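These notes are about the structure you will find just below.
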Amino acid sequence: MKLWGGRFTNREDEIMEKFNTSLPVDYRLYHEDIVGSLAHVTMLVHCDLLTPEEGELLVNGLQSILIDIESGDLKVEGEYEDIHSFVEMNLTERVGETGKKLHTARSRNDQVAVDMRLYAKNKASEVCDSLQLLIDSLNKKAAENNVIMPGYTHLQRAQVVTFSHHLGAYVQMFTRDKKRVENAIELMDENPLGCGALAGTTHNIDRNVTTELLGFSKPVDNFLDGVSDRDYLLELMSNFSITMMHLSRLSEELIIWSSQEFNFIKMADAYSTGSSIMPQKKNPDAAELIRGKTGRVYGSLFSLLTTMKGLPLAYNKDMQEDKEQFFDSLDTVMDCLEIMAKMIETLHVNEDNMKAAIKAGFLNATEVADYLVSKGTAFRDAHGIVGLLIIYCEKENKAIEDLTIDEFAKFSDQIGSDIYPYIDYENIITKGNKGLLKK
Ligand code: ARG
Numbered sequence: 001m002k003l004w005g006g007r008f009t010n011r012e013d014e015i016m017e018k019f020n021t022s023l024p025v026d027y028r029l030y031h032e033d034i035v036g037s038l039a040h041v042t043m044l045v046h047c048d049l050l051t052p053e054e055g056e057l058l059v060n061g062l063q064s065i066l067i068d069i070e071s072g073d074l075k076v077e078g079e080y081e082d083i084h085s086f087v088e089m090n091l092t093e094r095v096g097e098t099g100k101k102l103h104t105a106r107s108r109n110d111q112v113a114v115d116m117r118l119y120a121k122n123k124a125s126e127v128c129d130s131l132q133l134l135i136d137s138l139n140k141k142a143a144e145n146n147v148i149m150p151g152y153t154h155l156q157r158a159q160v161v162t163f164s165h166h167l168g169a170y171v172q173m174f175t176r177d178k179k180r181v182e183n184a185i186e187l188m189d190e191n192p193l194g195c196g197a198l199a200g201t202t203h204n205i206d207r208n209v210t211t212e213l214l215g216f217s218k219p220v221d222n223f224l225d226g227v228s229d230r231d232y233l234l235e236l237m238s239n240f241s242i243t244m245m246h247l248s249r250l251s252e253e254l255i256i257w258s259s260q261e262f263n264f265i266k267m268a269d270a271y272s273t274g275s276s277i278m279p280q281k282k283n284p285d286a287a288e289l290i291r292g293k294t295g296r297v298y299g300s301l302f303s304l305l306t307t308m309k310g311l312p313l314a315y316n317k318d319m320q321e322d323k324e325q326f327f328d329s330l331d332t333v334m335d336c337l338e339i340m341a342k343m344i345e346t347l348h349v350n351e352d353n354m355k356a357a358i359k360a361g362f363l364n365a366t367e368v369a370d371y372l373v374s375k376g377t378a379f380r381d382a383h384g385i386v387g388l389l390i391i392y393c394e395k396e397n398k399a400i401e402d403l404t405i406d407e408f409a410k411f412s413d414q415i416g417s418d419i420y421p422y423i424d425y426e427n428i429i430t431k432g433n434k435g436l437l438k439k
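Right, dumping it as structure tokens:
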């Protein structure tokens with residue numbers, strides 16, 4: 001079942017057919033393919049390249065195919081070369097000879113280009129919606145848990161922060177991710193239909209008609225570029241990779257925080273699994289899978305970048321490989337965003353353990369130095385004084401705030417009893433550090 005048998009005398013080898021077909025992958029484009037063809041037919045009628053009767057016949061036929069696919073009456077399968085062949089051949093079967101006029105002034109090269117743009121545009125805005133849902137669940141969890149916790153650098157306890165502020169950092173990342181995808185949508189919003197195989201067409205078509213019908217902002221400016229460009233997919237896949245990197249960092253923290261060593265959070269049973277041998281185990285599998293799947297999204301990006309890098313203009317069959325990579329990257333990021341939002345929504349915060357970790361980690365040492373600076377000590381000197389104080393605390397097994405004024409006096413004569421409120425953890429957050437920029 002070929003669209004191009006004319007100049008061939010022998011049939012394609014069976015293994016070549018199997019190697020060449022993209023239907024098992026591009027069946028997903030059936031909706032965009034039919035919508036693109038409907039716009040194309042309307043344009044052909046508008047430009048007197050088809051009669052209104054022919055147009056109506058084709059439109060009805062295409063719509064009936066769409067209805068049958070969506071109801072499950074027509075399965076998108078069989079020995080067709082691709083989704084475009086599937087739709088066109090089914091159309092001709094339904095409407096007869098007129099079906100053969102559908103492809104007037106069109107090539108599969110601009111057809112597949114428009115299908116993928118439409119598909120990618122729609123799906124990219126679904127990714128934005130999923131990012132927003134995750135942002136919402138992070139904001140909600142942050143508002144419900146404005147509790148103090150240790151902040152880390154080098155995974156060593158550093159200064160006191162709040163759980164809200166920590167989650168708020170991810171809100172910023174995912175908000176930028178969303179903006180990046182929105183920018184990519186704006187950049188790719190051009191109609192490649194009408195570019196033909198590579199050089200447009202001698203038929204007097206009007207690309208503005210399909211541009212408007214399909215909801216693009218303008219037709220592409222260059223025919224060769226219109227059928228060759230896949231950088232809009234690469235841009236989305238780069239954006240998905242960045243989102244996965246953010247999801248993976250958050251996963252890593254959830255994994256660490258739910259370990260018994262930290263015990264800062266408890267993950268819901270719904271997103272954990274057990275061990276087949278160790279009855280006590282509860283493992284953070286969902287977070288680990290997100291961290292793991294980040295690799296395949298990066299992989300898809302590099303796979304398509306590598307596929308594209310040596311291709312001369314314009315269309316080359318290599319580009320058929322774009323779909324598997326893009327679809328896998330898209331599916332993965334969508335699944336991971338959904339799971340992450342649910343994991344965040346359902347996790348429990350162990351406030352007391354976070355507080356205990358602060359107490360044990362000298363997280364107010366920087367503020368002791370700041371206190372000394374406020375009393376006139378140079379910061380570098382203050383840093384040295386507090387260093388000695390920490391050695392003393394470690395030896396005595398005491399937190400800084402548990403030292404008496406007499407003990408403080410061994411290190412500096414500038415320390416008065418006003419040090420205690422100055423280095424109180426809650427005060428550090430609410431009175432200093434710009435209240436961690438909140439409320
Ligand atoms: N299945 C093809 C693809 O995805 C459709 C375009 C085929 N064009 C061609 N000249 N063979 O790239």
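The UniProt record's numbering numbers the first residue of the sequence shown as 1 and each following residue consecutively. Beta carbons are placed, not taken as given, at the ideal position from N, Cα and C, and that holds for glycine. Here the structure is a predicted model, which means the values were calculated and not measured.
Three-way DSSP call (helix, strand, coil) for residue 203 in this model
coil
Tell me the rounded alpha-carbon separation between residue 383 and residue 129. 47 Å
Whole-angstrom C-beta distance between residue 88 and residue 3, which should lie under 8 Å:
7 Å
In terms of alpha-carbon separation, which member of 188, 374, 239 lies closest to residue 217? 188
I need the DSSP call for residue 358, collapsed to helix, strand or coil. helix
Margin query: On the DSSP letters alone, give me the boundaries of the beta strand (DSSP E) that residue 148 sits inside.
Written below: 148–153
Requested in this report: For residue 157, write down the residues that DSSP places opposite it in a beta bridge.
Outcome: 152
| field | Helix, strand or coil at residue 421 according to DSSP, with G and I counted as helix | value | helix
| What do you get for residue 159, buried or exposed, if any count of 16 or more other CB atoms within 10 angstroms of its CB means buried? | buried
Q. Using the beta-carbon count (16 or more within 10 Å), is residue 314 buried or exposed?
A. buried
Taking the straight line between their C-alpha atoms, what separation do you get for residue 44 and residue 226?
20 Å
Looking at the unbroken alpha helix (DSSP H) that takes in residue 273, where does it start and where does it end?
No alpha helix (DSSP H) contains residue 273, which DSSP labels as neither H nor E.
query = How far does the alpha helix (DSSP H) with residue 84 in it reach, from first residue to last?
reply = 83–95
Worksheet item: DSSP on residue 17, reduced to helix/strand/coil?
Response: helix
message = Does the beta-carbon of residue 319, which I'm using as the reference point, lie nearer than 6 Å to any heavy atom of the ligand ARG?
response = yes
- Cα separation between residue 125 and residue 118? 11 Å
Per DSSP, residue 348 forms a beta bridge with which residues?
266
task = Tell me whether the beta-carbon of residue 300 lies closer than 7 Å to the beta-carbon of residue 328.
result = yes
Subject >> Check: residue 230 C-beta below 6 Å from any heavy atom of the ligand ARG >> reply: no
Take the Cβ of residue 105 as the centre, count every other Cβ of all protein chains shown within 10 Å, and call the residue buried at 16 or more, exposed below.
buried
* To do: Can you check DSSP and say which residues form a bridge with residue 162?
  => 148
Going by DSSP, what residue range makes up the alpha helix (DSSP H) through residue 59? 52–71
Query raised in the report: Rounded to the nearest angstrom, how far is the Cβ of residue 29 from that of residue 41, given a contact under 8 Å?
Result: Incorrect: roughly 18 Å between the Cβ atoms, too far for contact.
At 3 residues or longer, and completely inside the stretch 93–119: list those beta strand (DSSP E) runs for me, N to C. none
**Request:** Would you mind working out which of 350, 27, 47 sits nearest residue 70, comparing C-alpha positions?
**Result:** 27
Point to revise | Start and end residues, alpha helix (DSSP H) containing residue 24 | key: 23–26
* Measure the C-alpha to C-alpha separation of residue 289 and residue 180 and round it to an integer number of angstroms. => 24 Å
request  = With hydrogens ignored, establish whether the beta-carbon of residue 25 is closer than 6 Å to any heavy atom of the ligand ARG.
outcome  = no
With DSSP run on the structure shown, which of helix, strand or coil describes residue 191? strand
Worksheet item: So, helix, strand or coil for residue 183, using DSSP?
Response: helix
| task | Can you check DSSP and say which residues form a bridge with residue 283? | result | 273
query = Across which residues does DSSP place residue 219 in a beta bridge pair?
reply = 191
For residue 4, does the three-state DSSP call read helix, strand or coil?
coil
Between residue 402 and residue 344, what straight-line distance do the alpha-carbon atoms span, to the nearest angstrom?
36 Å
Tell me whether the beta-carbon of residue 340 lies closer than 7 Å to the beta-carbon of residue 134. yes
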